[in-house]
Amino acid sequence: MDMDEVITDRRVRTTSVGTSPRLDSYTEDVDVRYPMKSKFDRFKEYLSHKSSLRMRLLVLISVLIVILFLMIIAGIILVPRIISYTVSRNQVCSFSAVILGNGGGSSEDNLSSVLISLGNSDRFIAFDAGTLLHGIRKFISSEGLLYNNYVGSNRNMIFPIPTKYTREIQRAGYLLRNHVLAYFIGHPHFDHVAGLILNSPEDHFVNEGTAEGDFPKRKSIIGTNITLSVLQDEVFDNKLWPNLSYQYNYIQKMNNGTYDVNELLAFTNLSPNSPYMTAFKNSKMTVFETCHSGSSTAFLLTKLENNQTQDQALYFSDTGLSTQDPSCDWRSKLNNIWSHPMFQLKKLRVMFIEVSFEDSIPDNKLYGHLKPSLLITTLKDMMVATRETDLSHVKIIIQHTKQLFDAAEDPRDVIAKQLQSSGINAQFLFPIQGDYLCL
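1 is the number of the first residue of the sequence shown in the UniProt record's numbering; add one for each residue after it.
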């Protein structure tokens, strides 16, 4: 057969003299007339055929990627997990918070402490002080703050730092000294005051050129009589720690009392327009006694506008079923909060509360702490007392989880699953040390 002849066939063609016929993948089941192809033409067809296979393979891979992405999204929505909650500082916040420590032991570098401010302010008060400087250094590291412009207006620079402070510890120390205005201590256990004690030799305001009338002299430590007595008489006693109490104002407040925050800060020497005086202007703090192994405290921070409650933040130091003092009715103590005239659930933006253990821990081993089932009981009591059924607007920040040596799984993962399976319509969040929260 001549190579140039034209042939007619349905399903086969001869590719070269002496070869066997083969199925042709692109001929249709109709009579087709075509000339014999040269080797070059057949090679081009071969490449075209390979390109088609590659295209099909790419389409298949793309479909698999889309399916995998949808599965990941479904997992994020449906599967309980640890949530690291950090949002842009460019958002307008009702409250800003920095998690300096969220552990309940045994890591001594991550103990209970939260900084909180009104709006997007860069001046904070501290709730508890288990970890201070290390938490600030984690915050600096995680947020990638800009420091080189002391008077700059960069919206991402929450703390303007003088340029002379070049080392990280200098920058962290400056933030601790000049941007943490006071300490609200819930109870005197060491995991809630260790940072305050260890940093006390250098924890004082440093004037960087501010007019004398606009700069404070001493920080305040605010707490109940029990808490302050322990700090003054048993910590700063020249035995456990040098007596550095002269560096602080001690502001003792009674339970269930409501106070102007600026009065608690006790910056008596400042002009009314000082940024230290305006940081917590028009805000109130209500103090509540709660149960722990002994007495503990909850703090309700209320942001006012035209003397009306605008938003609220509620912080619990350790609380729960007291093993050592069964006479302390922990649910009754919490109900005193829900029924208090200052508390408004509809205005509550955030609740910082401990969940130290997961549900397999028996009640007689809780030692004044909470586990998921008891937190759910607490939230249900709160809804009953306030006659509200919706908690979707409340961010519930889980704190003080204990990392037990023998735990095969991270207790936070277990706690997250148990809380998510409760059916409570609320946002349970698990921020990590150093996180900044816009609330």
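In this text, a Cβ means the ideal position worked out from N, Cα and C, and glycines have one as well.
Across which residues does DSSP place residue i in a beta bridge pair?
i: Tyr259; result: Met285
i: Asp311; result: Lys303
i: Ile353; result: Ile398
i: Ala97; result: Ile116 and Leu437
i: Ser296; result: Thr290
i: Gln427; result: Lys395
i: Gly130; result: Its beta-bridge partners do not exist; DSSP assigns none.
i: Ala182; result: Ser220
i: Gln324; result: Beta-bridge pairing links Gln324 to no other residue.
i: Phe205; result: Phe205 pairs with nothing; no bridge assigned.
i: Tyr250; result: Ile221
i: Ile125; result: Ile116
i: Phe316; result: Ala298
i: Leu176; result: DSSP lists no partner for Leu176.
i: Leu348; result: Gln312
i: Leu111; result: Gly104
Would you please state the rounded distance, in angstroms, between the beta carbons of residue i and residue j? I believe it to be under 8 Å.
i: Ile161; j: Arg171; result: 5 Å
i: Asn336; j: Asn225; result: Between Asn225 and Asn336 the Cβ distance is about 18 Å, and since that is not below 8 Å, they are no contact.
i: Phe127; j: Phe184; result: 5 Å
i: Ser200; j: Gln247; result: 6 Å
i: Ser293; j: Gly368; result: 4 Å
i: Lys219; j: Asp233; result: Going by Cβ atoms, the distance from Lys219 to Asp233 rounds to 20 Å, so no, they are not a contact pair.
i: Gln310; j: Lys347; result: 7 Å
i: Ala129; j: Val193; result: 6 Å
i: Val350; j: Ala313; result: 5 Å
i: Val401; j: Gly173; result: At residue 401 the sequence reads Thr, which differs from the Val that was named. Not a contact, Cβ separation roughly 28 Å.
Run the proximity test for residue i: is its beta-carbon closer than 7 Å to any non-hydrogen atom belonging to the ligand FAD?
i: Lys347; result: Within the structure as shown, the ligand FAD is missing, as the structure has no ligands at all.
Which of the three DSSP states, helix, strand or coil, is assigned to residue i?
i: residue 458; result: This structure does not reach residue 458, given that the chain is present from 1 up to 439, and the question cannot be answered.
i: Leu68; result: helix
i: Ile161; result: coil
i: Val59; result: helix
i: Phe139; result: helix
i: Asn243; result: coil
i: Thr86; result: Low confidence applies here, because Thr86 scores a pLDDT of 40, under 50, leaving its location unreliable and the question unanswered by this model.
i: Leu419; result: helix
i: Pro21; result: Note that Pro21 scores 40 on pLDDT, short of 50, meaning its location in the model is unreliable; the coordinates nonetheless yield the value given after this. Coil.
i: Phe267; result: coil
i: Asn102; result: strand
i: residue 440; result: Residue coverage of the chain in this structure runs from 1 to 439, which leaves residue 440 outside it and unanswerable.
i: Leu404; result: coil
i: Ile432; result: coil
i: residue 444; result: Lying before the first or after the last residue shown, residue 444 is absent from the chain, which here runs from 1 to 439.
i: Glu168; result: helix
i: Met342; result: coil
i: Ala279; result: coil
i: Glu409; result: coil
i: Asn273; result: coil
i: Arg54; result: helix
i: Val193; result: helix
i: Glu388; result: coil
i: Asn238; result: coil
i: Ser229; result: helix
i: Asp329; result: coil
Going by CA-CA distance only, name the one from the options that's closest to residue i.
i: Val261; options: Ser112, Ile125 and Leu370; result: Ile125
i: Ser121; options: Asn249, Met277 and Ile222; result: Met277
i: Leu391; options: Lys380, Gln399, His400 and Ser220; result: Lys380
i: Thr286; options: Leu419, Ile61, Thr227 and Gly223; result: Gly223
i: Asp435; options: Leu100, Arg349, Phe428 and Glu354; result: Leu100
i: Lys395; options: Phe190, Gln427 and Ser360; result: Gln427
i: Gln91; options: Ala182, Gly119 and Tyr165; result: Gly119
i: Ser141; options: Ile169, Thr131 and Tyr165; result: Ile169
i: Glu358; options: Phe190, Tyr259, Arg331 and Ala407; result: Ala407
i: Lys281; options: Ser296, Asn269, Thr297 and Glu263; result: Glu263
i: Lys253; options: Thr302, Pro242 and Ala298; result: Ala298
If I measure Cβ to Cβ from residue i and keep anything under 7 Å in the same chain, skipping five residues before and after, which residues do I get?
i: Lys333; result: Glu289, Thr290 and Cys291
i: Ala97; result: Val114, Leu115, Ile116, Leu437 and Leu439
i: Cys328; result: Cys291 and Ser322
i: Leu374; result: Gly320 and Leu321
i: Ile82; result: Unreliable positioning characterises Ile82 in this predicted model, as indicated by a pLDDT of 38, which lies under 50. The coordinate reading is nonetheless provided below. So the list reads Arg412, Asp413, Ala416 and Phe430, once near-sequence residues are dropped.
i: Phe343; result: Leu300 and Ile337
i: Thr378; result: Leu334
i: Ser107; result: Gln403
Give me, in chain order, the residues of the same chain whose beta-carbon lies closer than 8 Å to that of residue i; leave out the 5 immediate sequence neighbours on both sides.
i: Met383; result: Leu345, Thr389 and Leu391
i: Leu244; result: Ser200, Pro201 and Phe236
i: Gln324; result: Ser293, Gly294, Tyr367 and Gly368
i: Ile221; result: Ala182, Tyr183, Ile185, Leu196, Leu228, Leu231, Tyr248, Asn249, Tyr250 and Ile251
Once you ignore the five residues that flank residue i on each side, which residues in its own chain have a CB closer than 6 Å to its CB?
i: Val230; result: Pro188
i: Asp363; result: Leu321
i: Ile353; result: Phe316
i: Phe139; result: Val98 and Gly434
i: Asn207; result: Phe215
i: Thr258; result: Lys284, Thr286 and Met342
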